[in-house]
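With full-length UniProt numbering, the residue at position 151 of the sequence shown is 151, and numbering never jumps.
Just so you know, even glycine gets a beta-carbon here, dropped at the ideal spot from N, CA and C.
Just so it is clear, the structure is predicted and the values come from calculations on it, not from any experiment.
Since the structure comes first, as structure tokens, the remarks are kept for the end.
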Amino acid sequence: MELQNFTIKQVHEGLKNKEFTCIELTSAYLKQIKKRNNSINAFILIDEDGALTQAKKVDDKIAAGGKLNLLEGVPCAIKDNILVEGLVATGGSKILEDYTAIYDAAVISRLKAEGVVILGKTNMDEFAMGGSGETSKFGPTKNPHNIKMVPGGSSSGSAAAVADNQCVFALGSDTGGSIRQPASFCGLIGLKPTYGRVSRYGVMAMASSFDQIGPLTKSAEDSALVMNVIAGEDKHDFTSINKKDNFSKDIEKPLKGLVFGLPKEFFIKGMDKDVERTILEAINKLRDMGADVKEISLPHTKYALSTYYILMPAEVSSNLARYDGVRYGSRANAGNLDEMYIKTRSIGFGDEVKRRIMLGTYVLSAGYADDYYKRAQKLRTLITNDFIAAFKDVDAILTPTTPHSAFAIGEKFDDPLTMYLSDIFTVSANVAGLPALSFPVGDKDGLPIGLQVLGQHYQESLLLRIANQFEISH
Ligand code: GLN
Numbered sequence: 001m002e003l004q005n006f007t008i009k010q011v012h013e014g015l016k017n018k019e020f021t022c023i024e025l026t027s028a029y030l031k032q033i034k035k036r037n038n039s040i041n042a043f044i045l046i047d048e049d050g051a052l053t054q055a056k057k058v059d060d061k062i063a064a065g066g067k068l069n070l071l072e073g074v075p076c077a078i079k080d081n082i083l084v085e086g087l088v089a090t091g092g093s094k095i096l097e098d099y100t101a102i103y104d105a106a107v108i109s110r111l112k113a114e115g116v117v118i119l120g121k122t123n124m125d126e127f128a129m130g131g132s133g134e135t136s137k138f139g140p141t142k143n144p145h146n147i148k149m150v151p152g153g154s155s156s157g158s159a160a161a162v163a164d165n166q167c168v169f170a171l172g173s174d175t176g177g178s179i180r181q182p183a184s185f186c187g188l189i190g191l192k193p194t195y196g197r198v199s200r201y202g203v204m205a206m207a208s209s210f211d212q213i214g215p216l217t218k219s220a221e222d223s224a225l226v227m228n229v230i231a232g233e234d235k236h237d238f239t240s241i242n243k244k245d246n247f248s249k250d251i252e253k254p255l256k257g258l259v260f261g262l263p264k265e266f267f268i269k270g271m272d273k274d275v276e277r278t279i280l281e282a283i284n285k286l287r288d289m290g291a292d293v294k295e296i297s298l299p300h301t302k303y304a305l306s307t308y309y310i311l312m313p314a315e316v317s318s319n320l321a322r323y324d325g326v327r328y329g330s331r332a333n334a335g336n337l338d339e340m341y342i343k344t345r346s347i348g349f350g351d352e353v354k355r356r357i358m359l360g361t362y363v364l365s366a367g368y369a370d371d372y373y374k375r376a377q378k379l380r381t382l383i384t385n386d387f388i389a390a391f392k393d394v395d396a397i398l399t400p401t402t403p404h405s406a407f408a409i410g411e412k413f414d415d416p417l418t419m420y421l422s423d424i425f426t427v428s429a430n431v432a433g434l435p436a437l438s439f440p441v442g443d444k445d446g447l448p449i450g451l452q453v454l455g456q457h458y459q460e461s462l463l464l465r466i467a468n469q470f471e472i473s474h
């Protein structure tokens with residue numbers, strides 16, 4: 001069969017109405033992955049057998065007259081820091097290159113119970129540290145819109161796979177922007193849920209107080225459908241919250257009556273002029289659709305990036321202590337225990353991971369923790385309070401997702417500070433634990449541009465409604 005730009009809804013209808021079988025559909029996606037993986041490099045592992053076995057089950061159910069769940073039989077891809085039992089889970093790192101997951105992450109159990117078809121594991125920046133996909137041990141992923149460009153990161157393979165029709169939807173993780181920035185660069189909807197909405201059980205921890213799992217999809221409606229399955233309390237993750245929601249419920253509502261805030265601190269010097277113009281035009285369109293837009297101030301925004309780049313490495317340095325050659329993954333040969341730890345980690349980790357472990361141990365070390373770690377924690381509270389105050393006057397906050405569209409592979413790789421600057425608009429949502437979504441609003445020379453919308457805690461439905469209303473009217 002010929003693959004079209006299928007959404008979840010379309011696949012569901014197609015299966016139900018017997019326009020194609022799940023085996024035909026799954027085979028078509030597998031064919032597309034194999035055809036494209038040499039150039040795009042979105043997948044680390046293709047699980048052909050597993051995918052076809054599940055597809056057969058779905059076909060048997062249809063043949064027996066069973067009623068399909070909305071996501072049942074829908075081919076999807078999973079970022080390689082999320083555990084799927086029996087499949088490799090490398091996290092994009094050499095240290096885990098031979099590691100096989102022995103259980104399912106909570107989100108995977110939920111997706112499997114729904115009946116999705118998992119096509120494979122997607123490429124990513126090593127342990128989700130990066131904004132371009134280039135720090136992966138498995139080589140860079142390419143942007144399907146222009147293969148000289150990065151797809152964004154760290155959920156590079158997940159975004160590229162959805163944009164290139166190698167799956168219908170994918171899961172990514174977002175610690176400082178890793179769902180939204182690649183969504184923006186690849187022309188997709190990327191949602192980072194409220195901290196605690198989605199269980200982190202079975203997901204490789206990068207910075208535990210920032211990490212969230214979320215969907216990368218072609219439409220806002222699809223994003224809501226995936227959230228309806230993956231969100232919810234989980235006894236294995238004590239930060240997961242007991243709050244039920246139907247993420248699709250408000251998606252049809254018009255925007256009239258809503259008030260959006262434009263934080264003046266987010267429209268900075270140095271931002272790409274075309275990106276800025278596209279964002280402002282999109283904001284005008286939202287205004288034409290009936291929303292009110294007003295300028296607001298989030299005064300501590302200027303500290304957000306440094307706060308993130310102090311607290312995140314601190315948590316990274318602690319979380320990555322577990323890769324010690326004993327508990328997980330590969331072990332280097334050495335004469336004694338200390339030497340074994342050092343060799344394992346120096347061979348197994350890439351430069352960006354080592355850089356962050358060193359930064360993290362530094363900001364936590366005696367004598368410096370008060371100056372760096374504790375001050376950054378205080379700033380975290382001030383940044384969060386800015387948002388809480390702003391949401392007294394506005395329903396949602398609009399910003400660019402990134403200061404520029406996708407950049408060339410290699411352009412920022414040797415300059416970590418410039419790379420970190422790309423995260424300037426996305427990190428605040430993680431610092432404050434807020435939900436944030438990027439949706440496509442235009443392009444520059446064929447490279448997509450995303451608008452970011454941030455909401456109060458637990459207001460994902462509003463963000464999805466805004467993205468959906470924009471999508472259906474343009
Ligand atoms: N680009 C950011 C970083 O390098 C975000 C990473 C992420 O969200 N996992 O830290």
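Residue i: CB within 6 Å of a non-hydrogen atom of the ligand GLN
{"i": "THR401", "result": "no"}
{"i": "SER223", "result": "no"}
{"i": "GLY152", "result": "no"}
{"i": "ALA183", "result": "no"}
{"i": "THR175", "result": "yes"}
{"i": "ALA128", "result": "yes"}
{"i": "GLY131", "result": "yes"}
{"i": "SER428", "result": "no"}
{"i": "SER208", "result": "no"}
{"i": "SER178", "result": "yes"}
Neighbourhood of residue i by C-beta distance below 7 Å, restricted to the same chain and skipping five residues each side
{"i": "residue 476", "result": "Within the shown structure, residues of the chain are numbered from 1 to 474, placing residue 476 beyond reach of any answer."}
{"i": "ALA390", "result": "GLY261, ILE296, LEU298 and ILE397"}
{"i": "GLN32", "result": "LEU3, ASN165 and GLN166"}
Status (buried if at least 16 other CB within 10 Å, exposed otherwise) for residue i
{"i": "VAL326", "result": "exposed"}
{"i": "TYR308", "result": "buried"}
{"i": "GLU295", "result": "exposed"}
{"i": "GLN166", "result": "buried"}
{"i": "PHE238", "result": "exposed"}
{"i": "GLY66", "result": "exposed"}
{"i": "LYS269", "result": "exposed"}
{"i": "ARG197", "result": "buried"}
{"i": "LYS16", "result": "exposed"}
{"i": "residue 490", "result": "A query on residue 490 cannot be resolved here, the shown segment of the chain reaching from 1 to 474 and no further."}
{"i": "ALA424", "result": "Per the sequence shown, the amino acid found at residue 424 is Ile instead of Ala. Looking at its Cβ environment, which holds 16 or more other Cβ atoms inside 10 Å, ILE424 is buried."}
{"i": "THR301", "result": "buried"}
Residues near residue i by beta carbon distance below 6 Å, same chain, minus five either side
{"i": "GLN276", "result": "It should be pointed out that residue 276 corresponds to Glu in this sequence rather than to Gln. Result list for GLU276: empty, nothing under 6 Å."}
{"i": "THR141", "result": "ASN41, ALA42, ASN123, GLY133, PRO151, SER156, GLY157 and ALA160"}
{"i": "ILE108", "result": "VAL84"}
{"i": "LYS253", "result": "ARG465"}
{"i": "GLY360", "result": "PRO313, ALA314, VAL316 and SER317"}
{"i": "VAL88", "result": "LEU45 and THR100"}
{"i": "MET227", "result": "PHE247"}
{"i": "THR217", "result": "PHE169, ILE189 and SER223"}
{"i": "GLN456", "result": "PHE391"}
{"i": "GLN54", "result": "VAL117"}
{"i": "ASP60", "result": "none"}
{"i": "MET1", "result": "PHE20, GLU24 and ALA28"}
{"i": "THR399", "result": "PHE266, PHE425 and GLN452"}
{"i": "GLY433", "result": "TYR195"}
For residue i: DSSP bridge partner residues
{"i": "CYS76", "result": "ILE118 and PHE169"}
{"i": "ALA408", "result": "MET149"}
{"i": "ILE296", "result": "PRO263"}
{"i": "ALA389", "result": "None; ALA389 has no bridge partner."}
{"i": "SER438", "result": "GLY190 and GLN452"}
{"i": "PRO215", "result": "LEU171"}
{"i": "LYS444", "result": "LEU447"}
{"i": "ASN143", "result": "ASN146"}
{"i": "THR100", "result": "VAL88"}
Closer than 6 Å: residue i CB and nearest the ligand ZN heavy atom
{"i": "ASP423", "result": "With respect to the ligand ZN, the structure shown offers nothing to examine, as its ligands consist of the ligand GLN."}
8 Å CB neighbourhood of residue i in its chain, flanking five on each side removed
{"i": "ALA467", "result": "ILE189, ALA220, SER223, LEU437, PHE439 and VAL453"}
{"i": "GLU352", "result": "ASP125, GLU126, MET129, GLY130, THR135 and PRO416"}
{"i": "TYR368", "result": "TYR362"}
{"i": "ILE147", "result": "SER39 and ILE40"}
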